[in-house]
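To start, the structure under review is shown below, and the notes come after it.
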Amino acid sequence: MENHIELIKTIMPEITKGLNVLSLKKDVAAILKDAHSRLSTAQLNHVLIVAQEALSEHCGCADELEDLESILDDLHADGVIDSQIYQHIIENTACGRWL
Numbered sequence: 001m002e003n004h005i006e007l008i009k010t011i012m013p014e015i016t017k018g019l020n021v022l023s024l025k026k027d028v029a030a031i032l033k034d035a036h037s038r039l040s041t042a043q044l045n046h047v048l049i050v051a052q053e054a055l056s057e058h059c060g061c062a063d064e065l066e067d068l069e070s071i072l073d074d075l076h077a078d079g080v081i082d083s084q085i086y087q088h089i090i091e092n093t094a095c096g097r098w099l
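Per UniProt numbering, the sequence shown starts with residue 1, numbered consecutively.
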């Protein structure tokens, strides 16, 4: 669990910088999928807290929101996140204030 969290935390500053955001968020999603397949539900929930913050970061325009929704759709379809977490991530983006 700590490894998954640390990996996501190393990606977050790069997302904040705004470089290769889509690729970096896909990396976060891949880490989250790995955590889902390896960890208990309780451990996964700790990883999800950090991942939600990373996924919500740097999303201030319609194109970035569309990219994020594509990632979240994939995570939701795979059962990694539920509808509540999906909505929470969207609401915590900069775009969330307009929705």
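Cβ coordinates follow ideal geometry from the N, Cα and C atoms, glycine included.
A quick note: this is a predicted structure, and the numbers were derived from the prediction, not measured.
From the options, residue whose alpha carbon lies closest to that of residue i
| i | options | result |
| --- | --- | --- |
| Leu7 | Gly18, Leu24 and Lys17 | Leu24 |
| Leu44 | Gln52, Ala35 and Val50 | Ala35 |
| Val21 | Leu32, Asp82, Asp67 and Asn92 | Asp67 |
| Cys95 | Ala62, Gly18, Thr41 and Lys17 | Ala62 |
| Ala42 | Asn92, Ile89, Met1 and Thr93 | Met1 |
Residue i, DSSP secondary structure in three states
| i | result |
| --- | --- |
| Ile15 | helix |
| Glu6 | helix |
| Glu66 | helix |
| Val21 | helix |
| Asp74 | helix |
Range covered by the alpha helix (DSSP H) that runs through residue i
| i | result |
| --- | --- |
| Ile89 | Ser83 to Glu91 |
| Glu53 | Thr41 to Ser56 |
Buried or exposed by the 16-neighbour rule on C-beta atoms within 10 Å, applied to residue i
| i | result |
| --- | --- |
| Ala29 | buried |
| Thr16 | exposed |
| Glu91 | exposed |
| Leu19 | exposed |
Check: Touch check for the stretch 39-58 and the stretch 83-98: three-plus C-beta pairs under 8 Å?
Finding: As far as the Cβ criterion goes, the stretch 39-58 touches the stretch 83-98, which means the pair count is three or higher.
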